[in-house]
Amino acid sequence: MAGAKVEPTRAHLWTAVVFALATPFTFILCLTLWRTPFPLTEAVAIFENVTNTATEVWTPQTSYYRPLFYLTVSTIWHNAGSLDARLAWLTLVQVVAVILLVVLFIVHLRPRTFIDAAAATCAVAVLVGSPGFRDNLELPLSYTTVGMPLVLIVWILLNRQPRVWDAPLIVALTLIAIGFKEQGLVIVPMAVAAWWMRAPGATRGVTATLAAIAIAYLLFRLLYWRADFPVFEQAIGLGFREMEVPEATARFGAFPYFVYAYNAGATIASLLFAEPARGVFRIIEAWSQGRAQAWQLLHVGSSIGLTGVIAWWGLHSLRASGGRSPESRVFVTLVVVLLACGALSFNYSRERLAGMAIVFYALAASYALRAAAARMLEASPRRFAAAAVGMLIIATAWQTRALATIEYARATALRNHREWLVMLPERRAEFAERPAYLGIMDSMIEQGTDPAAPRPTRYPAWVAFTIGQP
Amino acid sequence: MTSLMPQPARRRRLLASAMTVPAFLAALGMCAVESWRLVRPQSPLFAAPFVYSLADAIERNDVEHAHAFLRAGQDPNRPIAVRHAVLTGGQSVLVSPLVWAVATGSRDTLLMLLGFGARFDQTGADTALCLADALGDNEIAGLLTLYGSPSPGRECHALQPGRAPLLSLPL
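Protein sequence lines, in the order shown, are assigned to chains A and B. Using my numbering, read the first sequence as starting at 1 and increasing by one per residue. Using my numbering, read the second sequence as starting at 1001 and increasing by one per residue.
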């Protein structure tokens, strides 16, 4: 706890314990990703794109603008010798980002006592068990998976005494994150919040530079904005149902701002309460119809419970420190980053779009659980017992969600494998006029149909229902 | 009462254990399951039930096992022996894998066969489409129209009443 004197050896020991508990998950997840076939539906079109238009990655052609992602794919595609080498390098980008995120997260928390380590262990499960992490694991779409460790590195730099190379490094990392996906922009309000909360590394110069980058980026995007860009890029969820683009445009195209606000709120709520998903309140609907499954209750319950603890801790730390302690800084930054993620998902709500905020939600979870445990040390036996059971339930639920992430990755691998088995006739007919597409597709059939692709574990039904196996 | 209260250090350990034990059990469980996967990859926990033939795989619409037979060298155009209480009247009949996929309404397996070298000749394409129509399977009929190249002016023989579909049509 704060102020406790801990021998350095023991401090390292507790960090090592958290690493040891996180290692099986991280290793199995990365191995699953490594053996996952690339999908037919997304990957081939991306590879065709970088083959045909490698030099045009810097000019926004559509509403989506991910120049550094395309540059990375293009560089690998044109320089790695064989197809196997290309695909291996692209998978490696995803795998390294996952490893880096987990390692940096634990190193940043640096637990020094048993209770620190326990809270950090829960926080790791929150990080990897959240849909915002899980839904960003698809190959080769490493946009946000790359952004997540970058936002954490910038956060670490902002919260330490500045060194000469910190400012250029922060700027470079921010540019990379934005270049991979628009969600990288959340680094800018994060830095502003850190500066406002007097984080040591968030100097006025760094903050002003990042703000200037964000303004320049927005102006650049406006410059290439075209009136014929669709009002809704993808299907939207509203209430209890999903609406495809034509219907959404017909109903809300003239005044889409209410739906935009709903989408932003839905993305924020999905992170805090695990509902709605894709803007649709599926779990509430299932519950009201008496067909809710165990995993749905587990997701909503664990998210509400943890969000409640975080809200209590955050408000308490703000009141106690007047908003100047490192912990209150994490809380305010979580709120700011969450709002930024919501704003950036105005066009359609998806759980993956909250990915950058998950890092701060998990950091906040660690501090909040630690503070809750400290608070309970002096409580009455009854309250203490209730708190211990509550923590056991929250920890169990989030570990279950972390396990589900691995099964989700395996289910994605199986879905990709099946795409290759089933969709070839359709693609050959649809892309008959695009020889580059067909050439790339044919060259990738072997990797797509390899029977060694990961498959979901065939757990008994009660286990599958509890973890929410796809 | 106060003397029975756990000391702060003991309470700290209890709370920390409450948060750590699930992580420990999850890590242990993952290691156990993965070790079992290495030792027994064919365990029912990891592998789908065994399928004896391409015909069985097609009938179950088990696209992965069906593909495994092709991968192992089975010719997707070579006729296979099939037997079905309704479709063949319990008799053993030789049909092409594609026709068997059409007869059993195995959409995914039909697409897989078409994607991995199975081909209709003109008569086969027309007969398969007639079979799908006769069985009332509009989805399969639509797929055959798109990818099976049937002739526009084909003539379909009507199914003989009381006779199994695969015995009624000239396959």
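Every residue, glycine too, gets a C-beta built ideally from N, C-alpha and C.
Original post:
Given that a residue counts as buried once 16 or more other Cβ atoms are within 10 Å of its Cβ, and exposed if not, what is A/Thr59?
Top reply: Result: exposed.
Original post:
So A/Thr36 and A/Pro454 are in contact, right, with Cβ under 8 Å, and what is the actual spacing, rounded?
Top reply: 6 Å
Original post:
Mind listing which residues of the stretch 1019-1038 of chain B have their C-beta closer than 7 Å to chain A's C-betas, in chain order?
Top reply: Met1019, Thr1020, Pro1022, Ala1023, Phe1024, Ala1026, Ala1027, Met1030, Cys1031, Val1033, Glu1034
Original post:
Quick one: does A/Trp398 have its CB under 9 Å from some CB of chain B?
Top reply: yes
Original post:
Going along chain A in order, which residues have a C-beta closer than 9 Å to the C-beta of B/Arg1180?
Top reply: The first residue shown for chain B is 1001 and the last is 1171, placing residue 1180 of chain B beyond what the model contains.
**OP:** Kindly list, in the order they appear in chain A, the residues whose Cβ is closer than 7 Å to that of B/Val1063.
**Re:** Arg418, Leu421, Val422
Original post:
Less than 9 Å separating the beta-carbons of A/Ile445 and A/Glu48?
Top reply: no
Original post:
Going by Cα to Cα distance, which pick from B/Gly1148, B/Ala1072, B/Ser1092 is closest to B/Ala1132?
Top reply: B/Gly1148
Original post:
Hey, how far is the Cα of A/Phe252 from the Cα of A/Gly279?
Top reply: 15 Å
Subject >> chain A within 9 Å of B/Arg1040, Cβ atoms only >> reply: no
**OP:** Report the three-state DSSP secondary structure of B/Ser1092 (helix, strand or coil).
**Re:** strand
Subject >> Partners in chain B for A/Thr457, counting only beta-carbon separations shorter than 9 Å >> reply: Val1033, Arg1037, Leu1045, Phe1046
**OP:** Report the three-state DSSP secondary structure of A/Arg251 (helix, strand or coil).
**Re:** helix
Original post:
From A/Arg241 to A/Phe281, what distance separates their C-alpha atoms?
Top reply: Approximately 8 Å, taken between the alpha carbons.
**OP:** Answer yes or no: does any C-beta atom of chain A fall closer than 9 Å to that of B/Arg1083?
**Re:** Not an interface residue.
**OP:** Verify the CB distance criterion: does B/Pro1008 have a CB-CB separation below 9 Å to chain A?
**Re:** Chain A, which has a Cβ nearer than 9 Å to the Cβ of B/Pro1008, makes this yes.
Subject >> A/Ala2 versus B/Ala1018: straight-line alpha-carbon distance, rounded >> reply: The pLDDT assigned to A/Ala2 is 43, lower than 50, so where the model puts this residue is not dependable, and the model offers no usable value.
Subject >> alpha helix (DSSP H) segment containing A/Arg226, residue limits >> reply: That residue, A/Arg226, is in no alpha helix (DSSP H); it is neither H nor E in DSSP.
**OP:** Identify the contact partners of A/Ile170 in chain B, using a Cβ-Cβ distance below 8 Å as the criterion.
**Re:** Neighbours of A/Ile170 in chain B, taken as residues whose beta carbon is under 8 Å from its own, are absent, since the nearest beta carbon is some 33 Å off.
Original post:
Which partner residues does B/Val1082 have in the DSSP bridge list?
Top reply: B/Val1093
Subject >> Contact list for the stretch 106-133 of chain A against chain B, Cβ threshold 9 Å >> reply: Thr113, Phe114, Ile115, Asp116, Ala117, Ala118, Ala119, Thr121, Cys122, Val124, Ala125
Original post:
Considering only C-alpha positions, which residue in the set A/Val124, A/Asn159, A/Arg226, A/Cys341 is nearest to A/Leu363?
Top reply: The option with the nearest alpha carbon to A/Leu363 is A/Val124.
Original post:
Excluding five sequence neighbours on each side, which residues of the same chain lie with their C-beta closer than 7 Å to the C-beta of A/Val231?
Top reply: Thr249, Gly253, Pro256
**OP:** Please report how far the alpha carbon of B/His1065 lies from the alpha carbon of A/Asp442, in whole angstroms.
**Re:** 21 Å
Original post:
Under 9 Å between C-beta atoms, does A/Met391 make it to chain B?
Top reply: yes
Original post:
When we look at the beta-carbon of B/Cys1156 and count the other beta-carbons within 10 Å, is it buried (16 or more) or exposed?
Top reply: exposed
**OP:** Using DSSP bridges, identify the partner residues of B/Gly1105.
**Re:** Answer is none; B/Gly1105 lacks a bridge partner.
Original post:
So A/Gly237 is in the alpha helix (DSSP H); what residue range does that whole segment cover?
Top reply: A/Gly237 -> not in any alpha helix (DSSP H); beta strand (DSSP E) instead, spanning 236-238.
**OP:** Starting from the beta carbon of A/Met444, find every residue of chain B whose beta carbon is closer than 7 Å, and list them in chain order.
**Re:** Within chain B, no residue comes near A/Met444; the closest Cβ sits about 13 Å away, beyond 7 Å.
Subject >> Span of the alpha helix (DSSP H), counted from its first residue to its last, around A/Glu407 >> reply: 381-422
Subject >> Residue interval of the alpha helix (DSSP H) (run including A/Met197) >> reply: No alpha helix (DSSP H) holds A/Met197; DSSP gives it neither H nor E.
Original post:
Do we get a CB-CB distance below 9 Å when we pair A/Leu21 with the residues of chain B?
Top reply: yes
Original post:
Counting only beta-carbon atoms, is A/Ile406 nearer than 9 Å to chain B?
Top reply: yes
Original post:
Just the Cα atoms here: how many angstroms apart are A/Ala277 and A/Thr203?
Top reply: 38 Å
**OP:** Tell me A/Glu242's beta-bridge partners as DSSP assigns them.
**Re:** A/Gly237
Original post:
By the 10 Å Cβ neighbour count, where 16 or more other Cβ atoms means buried, how is A/Tyr224 classified, buried or exposed?
Top reply: exposed
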